[in-house]
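Numbering (our numbering), first residue to last: 7 to 157. From the three backbone atoms N, C-alpha and C, an ideal C-beta is built for every residue, glycine too. Treat the numbers as computed from the prediction; the structure is a model and nothing was measured. Reading through the structure tokens given below for one structure.
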Amino acid sequence: MQNTSTSISAQELKARLDFFENECRQRGLRVTNQRREIFRAVAASRAHPSAEAVFLQVRRTMPNVSLDTVYRTLTSLEEMELLTRVGSSSKERFDGDMRPHAHFVCTECGEVYDIFTPQDTFFTPPQEASTWGEVKRVNVQFKGICKRCRK
């Protein structure tokens, strides 16, 4: 289950930012301050922030950033597989932790919790999936009502 702290260690954040910068450079994409700060807002948190939360976070240091820029940047980072979109369409959240894991999404409050498991086979797609094409990533989401909302 997810760590109860919403922030990650400085060492883990540095590793994620280094990976982000290297991936951008390898793809010929400039590492702009806006791109870096938007990625940092997602990567620094275990809370799976929404685009609006990322916007508010980034705006603290970059007051001229627009919500549209945040949305477009998050979409491009997702397309580059540098972060993952989780949740439902009405309560989308973003995850900067690209290690294999699943999510529990509360259908009431929209909260997203990480689920890590030592069983690698849990994330192995069924053999039939390869008949349709090459599987590059698996996204498992369990949806239900969290303990807090059930009370």
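Beta-ladder partner(s) of residue i, from DSSP
i: THR90; result: ASP101
i: HIS109; result: ASP120 and GLN147
i: SER51; result: SER13
Of the residues the options, the one placed nearest residue i, counting alpha carbons only
i: PRO69; options: CYS30, ASN39, ARG156 and GLU117; result: ASN39
i: PHE45; options: LEU83, THR123 and PHE122; result: LEU83
i: LYS153; options: LYS142, SER136, GLU117 and PHE129; result: GLU117
i: THR67; options: ALA57, LEU80 and ARG42; result: ARG42
Per-residue DSSP class, three states only, for residue i
i: GLU114; result: coil
i: ASN70; result: coil
i: THR38; result: coil
i: VAL141; result: coil
i: ARG156; result: helix
| query | Hey, is the segment 55-71 in contact with the segment 18-25, meaning 3+ C-beta pairs nearer than 8 angstroms? | reply | no
| request: May I ask you to verify whether the segment 98-115 touches the segment 141-148, counting CB pairs closer than 8 angstroms and requiring at least 3? | output: yes
| query | Are there three or more Cβ pairs, one per stretch, closer than 8 angstroms when the segment 84-103 is compared with the segment 46-66? | reply | yes
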